[in-house]
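Down below is the structure, laid out as structure tokens.
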Amino acid sequence: MSTRYGIDLVLEPPFTAKAYQTRQIVCGQYSSWAAEMQMLRMPLTPYFPCPDARLPILSAQVESIAQETRERESCALRRAGIAADAASNGVMMEFDAPPPLLELQSKARAAAQSHSVGLYPSEPFRPRIALLEYGVFPQAILSDAAEFANGVASALEIPETTRPWRLLLTRYNSNAANDDWSNGRWAADLSWRQLSSHPLYA
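If you want it as structure tokens, here you go:
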């Protein structure tokens, strides 16, 4: 069993409920389940390793980041649209990146990197939620999938804005990924467990 961790942002429940419905419909329509292998969240870090002995330190860091965030004014997140993502043969719900969100992500990234020196993936942060990932259809179908996802989101009347709700430390497991968690190798058997959950705003 291969284990990785993630620091994840969960948005307000009413928004999450409609985004989850959208994801379920899109994944069903295109018979691609990689996105649905996970909870609906905005990842602030890629999957990263952390030695067991350092996990209590990481957990305390995540709690401290949440506490610092709660002491600031609430941050509104605005949807920037739904778009195809060729890199993952998927469809992403994109968000604007206000300074408070970028600060939160920067702290999460620093915490993750401090426990996985040299092993932390250097991927640029893009505020997004995956509606479809690693589609099993030809990439030529991708534009259809994005158009369909936009139509579903409109029909379900997903709000244009939402707020961060909880900051999570999550443990992810996969046999299929082995030591390489890139390119959806986890999709065959991903499982996950929330290790901690911290409110971000009152």
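Residues in the sequence shown are numbered consecutively from 592, following my numbering. For glycine and all other residues, C-beta sits at the position ideal for the given N, C-alpha and C. Predicted model only: the values in this text are computed from it and were never measured.
{"Query": "Anticipated Cβ contact below 8 Å, I598 with A699, distance rounded", "Result": "4 Å"}
{"Query": "Exposure of D676, with buried meaning 16 or more beta-carbon neighbours within 10 Å", "Result": "buried"}
{"Query": "Contact the region 642–659 vs the region 739–750: 3+ CB pairs below 8 Å", "Result": "no"}
{"Query": "Per DSSP, the bridge partner or partners of L760", "Result": "I598, S787"}
{"Query": "Given R595 as reference, the closest of Q785, L791, P790 once Cα atoms are compared", "Result": "Q785"}
{"Query": "Reduced DSSP category for A736 - H, G, I as helix; E, B as strand; rest coil", "Result": "helix"}
{"Query": "Start and end residues, beta strand (DSSP E) containing L668", "Result": "668–676"}
{"Query": "Same chain, Cβ closer than 6 Å to H789, five either side skipped, listed in chain order", "Result": "E654, A657, L758"}
{"Query": "Cβ-based burial, L635 [other Cβ within 10 Å; buried from 16]", "Result": "buried"}
{"Query": "Touch test, the region 615–628 against the region 713–731, Cβ-Cβ under 8 Å, three pairs minimum", "Result": "yes"}
{"Query": "Cα-Cα separation between S734 and L781, rounded to whole angstroms", "Result": "27 Å"}
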